[in-house]
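K.L.:
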Amino acid sequence: MNENGDLFGPTVVPAQRFTARVARTLIADGAGFATREVASLGVTLEGVPGDRHMGMARPADSRVPWFPRGTPIRNSRQVSIVAMDELAEIARRLGIVDVQPEWLGANLVIEGIAQLTRLPPGTRLFAAGGATLAVEGENAPCRHAGAAVAAFHPGSAGLDLAFVQRAKGLRGLVAWVERAGELAAGTEIEVRVPAQRPWTR
Numbered sequence: 001m002n003e004n005g006d007l008f009g010p011t012v013v014p015a016q017r018f019t020a021r022v023a024r025t026l027i028a029d030g031a032g033f034a035t036r037e038v039a040s041l042g043v044t045l046e047g048v049p050g051d052r053h054m055g056m057a058r059p060a061d062s063r064v065p066w067f068p069r070g071t072p073i074r075n076s077r078q079v080s081i082v083a084m085d086e087l088a089e090i091a092r093r094l095g096i097v098d099v100q101p102e103w104l105g106a107n108l109v110i111e112g113i114a115q116l117t118r119l120p121p122g123t124r125l126f127a128a129g130g131a132t133l134a135v136e137g138e139n140a141p142c143r144h145a146g147a148a149v150a151a152f153h154p155g156s157a158g159l160d161l162a163f164v165q166r167a168k169g170l171r172g173l174v175a176w177v178e179r180a181g182e183l184a185a186g187t188e189i190e191v192r193v194p195a196q197r198p199w200t201r
């Protein structure tokens, strides 16, 4: 029996709270995949107004193959979040100078969270401006993002496919808006990570 009273179960990883900071805010309000930097984002329960990922629902795609493509499903991918240290590691693995948040369609760059992409689903990000984001999970790297990176490094052949493999565990998170509010560069965020018990069968 472990210290939590479980006869065979794994030890619970306790809940944690700590602070981080918004470094940049960006929006995908153009025709393409990329985002551009803006002074702030006023998020609603539908996401980022004017952003290509805004909406309470979205059509099912290759990420959810258990639904027919195009089926309306809950949009848990309203906000894309990255960290510069992880993007720098992706660049190192790819052998290129840099990977910028806007190339990946990111909405938020956050500082002060070690291994951002490993935050578990259910983590809450409480911003001083009132907004609360709920983490859905890792934003798995895809060839579309890889192609966006490759466009800025035309001398590197096969970068779009290499990105899919080498950006695993580093591309950041997707989240949905639980409470409307304001997000701006410099905004402090309280990060609340839920207690975790690994599930086994």
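Letter 70 of the sequence shown, counting from 1, is numbered 70 in full-length UniProt numbering, and no numbers are missing.
Glycine is no exception: its CB is placed at the ideal position from the N, C-alpha and C atoms.
Everything numeric in this text was worked out from a predicted model, so none of it was measured.
Taking the beta strand (DSSP E) that Phe-18 falls in, what are its first and last residues?
P.N.:
16-27 is the extent of the beta strand (DSSP E) around Phe-18.
K.L.:
Taking three-plus beta-carbon pairs below 8 Å as touching, is the segment 117-136 in contact with the segment 188-197?
P.N.:
Yes: the two stretches touch, three or more of their Cβ pairs being nearer than 8 Å.
K.L.:
From Ala-23, Val-13, Gly-181 and Ser-156, pick the residue whose C-alpha is nearest to that of Arg-93; which is it?
P.N.:
Answer by Cα proximity: Ser-156.
K.L.:
I need the straight-line Cα distance from Ala-167 to Glu-111, nearest angstrom please.
P.N.:
Whole-angstrom Cα-Cα distance: 19 Å.
K.L.:
May I have a chain-ordered list of the beta strand (DSSP E) segments no shorter than 3 residues that lie completely inside the segment 16-98?
P.N.:
For the segment 16-98, whole beta strand (DSSP E) runs of length 3 or above, ordered along the chain, are 16-27, 36-38, 40-43, 57-59, 72-74 and 79-82.
K.L.:
Can you give me the start and stop residues for the alpha helix (DSSP H) that Ala-114 sits inside?
P.N.:
Note, Ala-114: premise wrong, no alpha helix (DSSP H); not H, not E.
K.L.:
I think Ala-39 touches Ile-113, with their Cβ atoms under 8 Å apart; what is that distance to the nearest whole Å?
P.N.:
Actually they are not in contact, since the Cβ atoms of Ala-39 and Ile-113 sit about 22 Å apart, beyond 8 Å.
K.L.:
By the DSSP assignment, the alpha helix (DSSP H) with Leu-159 in it spans what residues?
P.N.:
Residues 159-166.
K.L.:
Does the Cβ of Asp-51 have 16 or more other Cβ atoms within 10 Å, making it buried, or fewer, making it exposed?
P.N.:
Label assigned to Asp-51: buried.
K.L.:
So, at 6 Å on beta carbons, what are the nonlocal neighbours of Leu-41 in its own chain, with the 5 sequence-adjacent residues on each side left out?
P.N.:
For Leu-41, where only same-chain residues beyond five positions count, the Cβ hits under 6 Å are Thr-25, Val-48 and Leu-183.
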